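Under full-length UniProt numbering, think of the first position of the sequence shown as 1, with each following residue one higher. All C-beta atoms, glycine included, are put in the ideal place defined by N, C-alpha and C. Treat the numbers as computed from the prediction; the structure is a model and nothing was measured. Please read the structure below before turning to the comments.
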Amino acid sequence: MTLSSPAIPRGPTLVERLPRGSALLVPALLFLLLFYVYPLAQLIGASLPGGSGKNYALIFSRPVFLRVIAETFRVSLVVMAVTVLVAFPYAYAMANAGRRALLFLTVALLIPFWVSLLLRSFSWIVLLQNTGLVNQMLLGLGLIEKPLKLIRTETGVILGMVHVLLPYAVLPLYSVMKKIDMRLMEASSICGASWFHGFRRVYLPMALPGVLAAAILTFTLALGFYITPALLGSPRDMMIAQMIAGQFSEQLNFGLGAALAVVLMALTGLAFAVFGLGRMLLARRVAA
1 MTLSSPAIPR
11 GPTLVERLPR
21 GSALLVPALL
31 FLLLFYVYPL
41 AQLIGASLPG
51 GSGKNYALIF
61 SRPVFLRVIA
71 ETFRVSLVVM
81 AVTVLVAFPY
91 AYAMANAGRR
101 ALLFLTVALL
111 IPFWVSLLLR
121 SFSWIVLLQN
131 TGLVNQMLLG
141 LGLIEKPLKL
151 IRTETGVILG
161 MVHVLLPYAV
171 LPLYSVMKKI
181 DMRLMEASSI
191 CGASWFHGFR
201 RVYLPMALPG
211 VLAAAILTFT
221 LALGFYITPA
231 LLGSPRDMMI
241 AQMIAGQFSE
251 QLNFGLGAAL
261 AVVLMALTGL
271 AFAVFGLGRM
281 LLARRVAA
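Here it is as structure tokens:
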């Protein structure tokens, strides 16, 4: 090419081809790589000492590990169901309350966030013990003749976990319910439908996205609970997070603890996938 030859137009560089504003994503990507991807890779590597999968083979061949995994799933499902059932009427009341009532309900819901999880779990020990408020009320009402054993039981674990997880179910439900036009319920009543029939056929289908969001939040959080089951439950009620902590702090078996942690993350990912599929099917049904 001579000096008189026309210049060959230069194409856009890789940086120029990126969408405008992409540079703003770099700090977030670096943060994820440094504080999520790298630790996750380290955890997976620790669970595979020498490239061997013996820790995973041990987990899925020993009944004690399988029992704890199954127990974790079962308790998490029960906690999810109870939490959503309690959260639904609470969120309904918030969505249809006046300004002052809404303020009161919101403050009552969020006050536990200002107290540490450890203190909240200890407060349930005080409430559920033989001389606690719950047993004293039941005795005073004549519903029981002697105090119930509520501490170191699955019932105590479920009560404590539901209390902690309630805000995580109420808030997504409320965000959906406040957008529902209550005039639709009035219209169904005018058309001759009972309140229950109108609620089941009109209100509930529109609130289902909030129900699914509340369910997946509470279920995935319940899978990894540690403090509340450790304080309110018994060794028979051990969940997978407690077993992970025991492998790291007591047994000093870091490889097995890492493998259990990876299994927990896989279970959480599976739960997200199942709920995501349910949400997609619900969206298709509504669109149809």
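Pick from Met239, Arg236, Val164 and Val134: whose alpha carbon is nearest that of Ser116?
Val164
When you compare the stretch 45-61 with the stretch 203-215, are there three or more beta-carbon pairs, one atom per stretch, that lie closer than 8 Å?
no
Separation of Asn253 from Tyr226, as counted between CA atoms
18 Å
In whole angstroms, what separates the C-alpha of Ala258 from that of Val79?
26 Å
By Cβ distance, which residues of its chain are closer than 8 Å to Phe199, with the 5 residues on each side in sequence left out?
Met185
Short of 7 Å in beta carbon distance, which residues of its chain neighbour Ala230, apart from the five on each side in sequence? Order them along the chain.
Gln242
Check the C-beta distance from Leu85 over to Ala93 and give it rounded, since I have them as a contact under 8 Å.
At roughly 14 Å, the Cβ-Cβ gap does not stay under 8 Å, so Leu85 and Ala93 are not in contact.
Could you give the DSSP three-state label for Phe81: helix, strand or coil?
In the sequence under discussion, the amino acid at residue 81 is Ala, which differs from the Phe named in the question. Ala81 falls in the helix class under three-state DSSP.
What number of angstroms, rounded off, separates the C-alpha of Ala101 from the C-alpha of Asp181?
19 Å
Selection from Ala46, Pro89, Pro235 and Arg201 that minimises the alpha carbon distance to Leu173:
Pro89
By the three-class DSSP mapping on this structure, what secondary structure does Ile144 have?
coil
Go ahead and label Val26 buried or exposed: buried means 16 or more other beta carbons lie within 10 angstroms of its beta carbon, across all protein chains shown.
exposed
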